[in-house]
Amino acid sequence: MDDSDSDDTCELLPIFIDQLLRGSVDGKPFTNAEIADNAYTIIFGGNEPSALSVANTCLFLALYPRVQQQLYTEILQIIPDKSCAITHQTLHDLPYLDMVLKETLRLCPAIPNIARETTRTVSIDGRRIPAGTMFLISFYALHRRGDFWGDTVTEFDPERFHPDRGGYQRHPFGYLPFSGGARNCIGWQYAQSSMKI
Numbered sequence: 002m003d004d005s006d007s008d009d010t011c012e013l014l015p016i017f018i019d020q021l022l023r024g025s026v027d028g029k030p031f032t033n034a035e036i037a038d039n040a041y042t043i044i045f046g047g048n049e050p051s052a053l054s055v056a057n058t059c060l061f062l063a064l065y066p067r068v069q070q071q072l073y074t075e076i077l078q079i080i081p082d083k084s085c086a087i088t089h090q091t092l093h094d095l096p097y098l099d100m101v102l103k104e105t106l107r108l109c110p111a112i113p114n115i116a117r118e119t120t121r122t123v124s125i126d127g128r129r130i131p132a133g134t135m136f137l138i139s140f141y142a143l144h145r146r147g148d149f150w151g152d153t154v155t156e157f158d159p160e161r162f163h164p165d166r167g168g169y170q171r172h173p174f175g176y177l178p179f180s181g182g183a184r185n186c187i188g189w190q191y192a193q194s195s196m197k198i
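Encoded structure:
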């Protein structure tokens with residue numbers, strides 16, 4: 002990326018570390034071990050899932066030469082040589098790359114499931130779930146629901162994310178590669194950009 006884009010990104014890590022050093026729970030400051038654990042999560046927590054997603058994308062491209070060729074053609078049109086600067090606009094101008102990554106994350110979410118706890122009593126499908134109940138959300142299973150994704154749910158088809166085919170015109174929580182809601186992945190935009198590069 003060019004220097005103007007990276008300046009903003011480089012400022013985030015010191016802000017996170019500063020907040021950890023000033024942070025507290027119930028007025029009690031974080032211990033050094035808690036600070037180190039949180040810093041490790043911030044710095045390294047996103048690298049492994051992103052690397053896995055890039056590896057899965059490479060696998061799908063090897064298995065689907067037509068998709069690989071279409072993506073290669075798009076990239077060469079937008080980035081004709083190695084001297085071209087890669088900016089946020091450059092990444093925005095690669096819609097097929099975006100579709101390929103989304104389809105990879107749909108079939109192979111880097112984080113296949115996540116635990117959550119209810120904060121209040123809720124009713125789901127007529128069943129009462131009391132506050133404080135831990136439950137597991139399987140993104141892997143969610144992304145393979147035929148009622149959300151159709152009969153080709155198990156097939157690798159990046160075009161399913163094309164706006165002309167509905168794109169995101171499905172259940173708002175039917176696609177959650179970075180979780181969803183208030184507790185979604187804090188680094189999802191950075192992860193998407195880094196996977197594209």
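Here the sequence shown is numbered in the working numbering, starting from 2 and rising by one per residue.
Every residue gets a Cβ at the ideal spot worked out from N, C-alpha and C, and that includes glycine.
Since the model is a prediction, treat every value here as computed from it, not as a measurement.
Restricting to Cα atoms, I'd like to know which of L53, A111, M135, A116 is closest to T122. M135
Keeping to the same chain, check which residues put their C-beta closer than 8 Å to that of L95; ignore five residues upstream and five downstream. Apart from the 5 residues on each side of it in sequence, L95 sits with its Cβ closer than 8 Å to the Cβ of E75, I76, I79, K197 in its chain, given in chain order.
Exposed or buried, what is Q159 when buried is set at 16 or more other beta-carbons lying within 10 Å of its beta-carbon? What sits at residue 159 in the sequence shown is Pro, not Gln. The residue is buried, with at least 16 neighbouring Cβ atoms inside 10 Å.
Boundaries (first-last residue) of the alpha helix (DSSP H) holding V154: Segment: none, V154 is in no alpha helix (DSSP H) and carries neither H nor E.
Could you pull out every unbroken beta strand (DSSP E) segment of at least 3 residues lying fully inside the stretch 109-141, listed in chain order? 114-118, 123-125, 128-130, 135-139
Is Q193 buried or exposed, if buried means 16 or more other CB atoms sit within 10 Å of its CB? buried
Apart from the five residues on each side of it in sequence, which residues of its chain come closer than 7 Å, Cβ to Cβ, to G151? none
Using C-beta distances below 6 Å, list every residue in its chain close to P30, excluding the 5 sequence neighbours before and after it, in chain order. none
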